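Letter 170 of the sequence shown, counting from 1, is numbered 277 in the numbering used here, and no numbers are missing. Ideal Cβ placement from N, Cα and C applies to all residues, glycine included. The structure displayed is predicted, hence computed values, not measured ones.
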Amino acid sequence: MAKGSIDLRGVRVNNLRIEELSIPRRELVVLTGLSGSGKSSLAFETLYAEGQRRYVQSMTAYARQFLGRMPKPDADYIGGIPPSIVIEQRVSNRNPRSTVGTSSEVYEYLRLLFARVGKIISPVSGQEVRCHTVDDVVRFLDHHEGERAMVLAPLNPGGGRVGLDLLEDLSSEGYSRVYVEGELMQIDDEDVREAVCRMQSPVYLLVDRFVASSEASGQMRASDSVEAAFRRGEGACRIMLMPKEGEPSPHDFSVRLELDGLTFQRPNPNLFSFNNAMGACPVCEGYGMAVGIDEDLVIPDKNRSVYDDAVACWRGGSMRQVRDEFIEEASQVGFPIHRPYFELTDKQRAMLWDGVGRAEGINAFFEALKRQNYKVQNRVMLSRYTGKTLCPTCHGHRLRDEALWVKVAGYSISEMVDMPLHRLRTCLDGLELDPHDMAIARRLLQELRTRLATLTDVGLGYLTLNRLSNTLSGGETQRINLATSLGSSLVGSLYILDEPSVGLHPQDTQRLVAVLEQLRDKGNTVLVVEHDEDVMRAADTIIDMGPGAGRNGGQVMYVGPLDGVSAKPESLTGAYLSGRERIPLPPARRPGQGELRVGGVVVNNLKGVDVRIPLGALTVVTGVSGSGKSSLVNVGVRQAVESLLQEADPSNPNFREVSLRGPSLFDMELMDQNPLSRSTRSTPVTYIGSFDRVRNIFAAEEASKRLNLEANAFSFNSSVGACPECSGAGRVVVEMQFMADIEVPCEACHGTRYRPQVLEAHHRGKTIHDVLQLTVDEAADFFRGTEGNEATHLVEELEVLREVGLGYVQLGQSTSTLSGGEAQRLKLASYLLKPRSEERIFFIFDEPTTGLHIHDIRRLLHAFSRLVELGHTIVVIEHNVELMRQADWMIDMGPGAGEYGGQVVFMGTPEELARCEQSATAEYLRGRL
């Protein structure tokens, strides 16, 4: 079957200038190029928009009203495009009920598995709870062939006259005996009548008695008798075996789920859903959290032991007596009173919280305070330690107890969702069920194993199914959506992915490529916007955009196999892949001007790690996905630096100690990729403060003086110069009542934002509106020909924007339209523009190379060097090998992910790391130095 192609002609979306382009279908296509070269415009605003628009148009008018409308891309022709699906990095799900399990659909199949083949286990005796059939009872009697047996039906006579009427009814039906207190008695016996009236003892109706036999006639009789017993006993039946020697032995059977005095609920999928009232914990309603005693408030420093006053509410005064009593009693039963809290096992923590021996635990202590809350001091103490904590009833499992009594192969559903995905995959692969249950569960297990295999293959094996979706990174969210898409078995679709390798260690990239190839092999077209070399080398087709960015981009430089792009002299991608261009190594590793030490970091999977970070240097933190990098830097190190800056008490639940040797720090900045502003009035030149210089240059013109236009008249945020109709926005919103509101250019100023008289002033032939339409590169060249200090300083500031790779951005472009990487580099530029001083800043970057071409990374590294030269300290969480090569100091986390990580595998220079045999990062660094 011919693959066909997606054909485009005359595409003019944003900066695109594509005359003709054919994209092969049913292939893995990688779209690469410089930042701002038009990759997103082609992938999302052209291909996805048109594919989605046509798919929606194929539906009925009724269905279309419930779906979002995509604008028609500005193109002469787009043909052969299949329905499109985009998998972005955006963490769009803020629902506190959404988890990895629900968003990946694994939990839905797990619920079905437990509902279909789960066994109810009594929490009292640990025995399986079953509802019996007549055949079950007959088979039981077969195992006791030759023994005398009585078939009894328990009666619920109700006492008094009602009970006597029941006896008369039974007698009229032909029943003559009952079993009371171990004896058979006539139904009209006076003692029986008295027992029924007073309801002092259980009364059983004798339905039949016989010698158990496996012959057909014997089984027929037994079957009829048992059926009658179930009917008379309202679903219950007792078989009393009467041995020749010894006491009679009763055996109870029920068509209801009953055992140990408890009645159980028949499993169904809703019982295992925390989003359904049938399954949700009645206290926290399925959230897993409730208002109660907060563990972090009670034990603020988890590096302390109970003996060293880890329990804050037992410190000092009369409360110390509670601590001493606990220590005295606990030490006698083997509780480790000198062990740090974070090292205690779950069982030992339960002893501390629930009590041990005669000593009361933390929970009993607070219960006593609640009973005496009429005392002011008790109410104050309770409020001091109350916060949002794990639900005391379900302990964070979100489900009611009845759901946790159902088990598959000995595991409850809460135990399975608490397992890391790689361990859950192993557990389900080795699951042993009886032939009947296996026949029911085979399809469910196949779906579960396939989805878990995909999730682990894309590097998410360290996650658990109960991890909240709103705590995931953008890369993790995208890879979960990718795994879900693979499980949906769609064919003939166009999948568009935005840098799926983000957040992945190089060792995980090959498994990601295998997943992308599976998606392609199902008959889909997979278009990936990507800069990772391993992903590019796996592609069937490369599309390289360029040659530059912004107005200098938007063209297709190359389409074809990877080998061909290296031969293109005008392609920057080809230049770096072929080795013609390289980012040079630094001449030497900077030793730093001091050192930050953070000890005993205890966050998530980190177990008391110690790290050293040189000041006035570039430190790169690496490690496989889930090894603890973000926990170490974004929580441990960040909070340690904050405590130094605030000169606060260094005690913190997330680290033991922090010390600084060398020059003091003035501030700390977490440089993430979040949008700078949602306001359309913020622009790159207003953000860095350069717009004041532009306005001053225009105000100095003779035309401006003649029109009495001062500097504030050239601001679209000022009522003096802004268009009165749109208030300087350049666009107005038209309300469409029952449809989504639309924005159109302002008719008064035609989108220029200014009053007509402001646009009469020109500088070297351009109005203020014309200047705002210039890119940074064009503006720097334009103002280089202007005399005066303002113009000189303005050009210097624009050159800094150019250095960080933002030369293609327009001066008047809204910062809300910038990508995450562009926003991060604009923040970086604002710090490079600050005058040199002794105020040293501690910068934290989380994967700053996201969305960057290798040529853009080169510019980013230059900006990093500038910051370090100014005396600042940079700590970067990163997987990119090019950035690792430039580091002065490296911290490698691992050795594995999740519970297998959380340790510092190595600290030192890149050259030393390359020789470390225990590091998963080392093999990717060797040969690159």
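Is it right to say residue i is buried, meaning 16 or more other beta carbons lie within 10 angstroms of its own, or is it exposed?
| i | result |
| --- | --- |
| Ala-343 | buried |
| Ala-546 | exposed |
| Tyr-569 | buried |
| Gln-585 | buried |
| Leu-601 | buried |
| Lys-179 | exposed |
| Leu-692 | exposed |
| Asp-508 | exposed |
| Asn-819 | exposed |
| Glu-832 | exposed |
| His-543 | exposed |
| Met-327 | exposed |
| Arg-696 | buried |
| Lys-409 | buried |
Compute the distance between the beta-carbons of residue i and residue j, then report whether it is under 8 angstroms.
| i | j | result |
| --- | --- | --- |
| Met-643 | Ser-144 | no |
| Gly-715 | Gly-707 | yes |
| Cys-534 | Cys-391 | no |
| Arg-768 | Gly-701 | yes |
| Asn-573 | Gly-1008 | no |
| Val-983 | Val-728 | yes |
| Ile-130 | Glu-157 | no |
| Thr-790 | Thr-922 | yes |
| Leu-141 | Gly-655 | yes |
Got a sec? Which residues, its chain only, sit under 6 angstroms from residue i by beta carbon, not counting five neighbours each side?
| i | result |
| --- | --- |
| Leu-935 | Val-911, Ala-970 |
| Glu-850 | Arg-838, Val-840 |
| Val-241 | Ser-330, Val-333, Glu-334 |
| Asp-717 | Gly-706 |
| Gln-614 | Ala-1027 |
| Gly-566 | Leu-611, Asp-615, Ser-732 |
| Thr-957 | Val-609, Gly-928 |
| Val-413 | Ile-444 |
| Arg-124 | Gly-661, Gln-662 |
| Phe-952 | Met-778, Val-983 |
Can you grab the Cα-Cα spacing for the pair residue i / residue j, in whole Å?
| i | j | result |
| --- | --- | --- |
| Asn-202 | Thr-578 | 11 angstroms |
| Val-710 | Trp-512 | 32 angstroms |
| Ala-847 | Tyr-169 | Per-residue confidence for Ala-847 stands at a pLDDT of 49, beneath the threshold of 50, marking its modelled position as unreliable; no derived number is given. |
| Glu-583 | Arg-1033 | 28 angstroms |
| Glu-894 | Glu-906 | 17 angstroms |
| Val-792 | Gly-657 | 17 angstroms |
| Met-1014 | Met-1000 | 9 angstroms |
| Arg-992 | Pro-721 | 17 angstroms |
| Asp-1011 | Ile-998 | Correcting the residue type first, residue 1011 is Val in the shown sequence and not Asp. Approximately 7 angstroms between the Cα atoms of the pair. |
| Ile-603 | Phe-472 | 57 angstroms |
| Glu-126 | Gly-117 | 5 angstroms |
| Tyr-1031 | Glu-1018 | 12 angstroms |
| Trp-460 | Gly-423 | 19 angstroms |
| Cys-830 | Leu-925 | 25 angstroms |
| Pro-357 | Val-258 | 10 angstroms |
| Ser-283 | Ala-336 | 14 angstroms |
| Gly-289 | Val-515 | 39 angstroms |
Output needed for residue i: all residues of its chain with C-beta closer than 8 angstroms, excluding positions within five of it in sequence on either side, in chain order.
| i | result |
| --- | --- |
| Val-231 | Leu-366, Asp-367, Gly-368, Leu-369 |
| Gln-864 | Leu-814, Leu-816 |
According to DSSP, which residues form a beta bridge with residue i?
| i | result |
| --- | --- |
| Ala-182 | Val-118 |
| Met-349 | Arg-255 |
| Val-716 | Val-708 |
| Trp-996 | Thr-726 |
| Leu-634 | Val-136, Ile-603 |
| Ile-547 | Ile-547 pairs with nothing; no bridge assigned. |
| Arg-124 | None, per the DSSP bridge assignment. |
| Arg-456 | Paired residue(s): none; Arg-456 is not in a bridge. |
| Phe-950 | Glu-776, Ile-981 |
Excluding sequence positions up to five away, which residues of its chain have a Cβ less than 7 angstroms from the Cβ of residue i?
| i | result |
| --- | --- |
| Leu-977 | Arg-943 |
| Arg-966 | Glu-910, Val-911, Gly-912 |
| Gly-353 | none |
| Ala-887 | Val-902, Leu-905, Glu-906, Arg-909 |
For chain D, check one thing: does any of its Cβ atoms lie closer than 8 angstroms to the Cβ of residue i?
| i | result |
| --- | --- |
| Arg-328 | The structure shown contains no chain D; it is built from a single protein chain. |
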